[in-house]
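As you go down the protein sequences, you meet chains F and B in turn.
Numbered by the working numbering, the letters in the first sequence go through residues 1 to 126 in order.
Numbered by the working numbering, the letters in the second sequence go through residues 127 to 356 in order.
Scroll down for the structure; my scribbles are underneath it.
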Amino acid sequence: MKKFVFAIVLLAALVGCGIWYQYAVADFAAEISVRCDAIERLVYEKESKALEENFEKFEAYWENKETQMAYFIDHAHLNAITKSIGELGMAIRVQAEADILMANARIKAEAQDIAEDELLRPENLF
Amino acid sequence: MLIMLIRSALLYGLVMFSLRMMGKRQVGQLQPAELVIAIMISDVATIPMQNTGLPIFSGIVPISVLLIAELLISYISLKNRRLRVAFSGSPSVMIHKGVIDEKEMERQRFNVDDLLEELRVLGYPDVSKIEYAILETGGQISVIPKSAENAVTLGDLQIKKRQTVLPYILISDGEVDETELTRAGKKRAWLDKQLKTRHIQGYKEVFLASLNGDEELFIQTKQKRKRGGK
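Written out as structure tokens, the structure is:
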């Protein structure tokens, strides 16, 4: 009976963590998307000062988020985003608009890929 | 390198914990469902052990799920006979009242050579001396020989013999087991006296000391190791 109760508790904990993880991944992808959209808008508006500030905040957000996500997500996916953020920072510093937009789009797409791979959908189940 | 070491140790601990939770039966006689889970657990654990790019939870979660499945299946099987049969199968009678059941053998995909081989391994080279042979759910065959082939027991001869009592292991590898000593109804002073009469200086010199139901104390001292020998 003790083992049965242990199994039920463990199952409940896993299901709970699984549900939390679904929301966490969806939030993460949405947050990245919002931040990337903001950067894109600032590029078109030629707000270079605001762009730099925005990027700094984005970088800080990612440093914190990457550590959390590394417990659950394949590190290769996270490394790809880190690399793209590095490229985005470099492009912002030299004010190469085309490179900024390209790196920004890549980050957004990679975050969407993670969400698409991890969310509970029939195509991911089978 | 250190990452791999720690991850391997963690996953090893988890696999060992899971197998211990599944019970002792797991190691000796695997039921079909248990065999599947044991193989899957060992396989799942090795992937995040080798690939440090994968989060360790990609190993922990499947192992936990398999452990839950095993615990739930064994609990449900314990409570419900129908489900027990569904998960573990039921024993098959291969030889019934001295006659080989061909249909049952076919159902179990067991040929005559397999059956004869199993019976020989069990010490029954002659099928005519077997009344029943049952293929158990764990894959072993149990044999009930014909009455005439049964060995005569003390009970048949109405001879009374004292029940064998499991000996108490009082000292193992130089260490006294206080629980066993209490269970045997003895005290340290008694043990010290016994060692003294055998000219043994202390517990550390004793490799094994056991006391049987007839109050006979067996003591084996440790062998002295030669130094610098080939």
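No residue lacks a Cβ here, since even glycine has one placed at the ideal position from N, Cα and C.
CA-to-CA, the gap between M69/F and L197/B works out to about 30 Å. Beyond the five residues adjoining it in sequence on each side, E110/F comes within less than 6 Å, by CB distance, of A80, I81 in the same chain, given in chain order. Neighbours of Y71/F in chain B, taken as residues at a C-beta separation under 7 Å, are given in chain order as P181, F183.
Taking 8 Å as the cut-off, the beta carbon of S33/F is found closer than this to the beta carbon of K108/F.
The Cβ-Cβ distance between I165/B and L192/B does not fall below 8 Å. Straight-line spacing of the CA atoms in R133/B and L337/B works out to 45 Å. Where M102/F is concerned, there is no enclosing beta strand (DSSP E), although the alpha helix (DSSP H) around it starts and stops at 97 to 118. Interface annotation for the segment 130 to 147 of chain B against chain F: M147, criterion Cβ-Cβ distance under 8 Å. Residue pairing of H222/B in beta bridges, as defined by DSSP: V225/B. Chain-order list of chain F residues neighbouring L197/B: K3, F4, F6, A7, by C-beta distance under 8 Å.
When the beta-carbon positions are compared, N104/F and E47/F stay at least 8 Å from each other. Just so you know, the alpha carbons of L321/B and I297/B end up roughly 11 Å apart. By the rule that beta-carbons nearer than 8 Å mark a contact, S190/B touches chain F. Excluding the 5 residues flanking it on each side, E59/F has same chain C-beta neighbours closer than 7 Å at I85, G89, in chain order.
The beta carbon of A76/F sits closer than 8 Å to some beta carbon of chain B.
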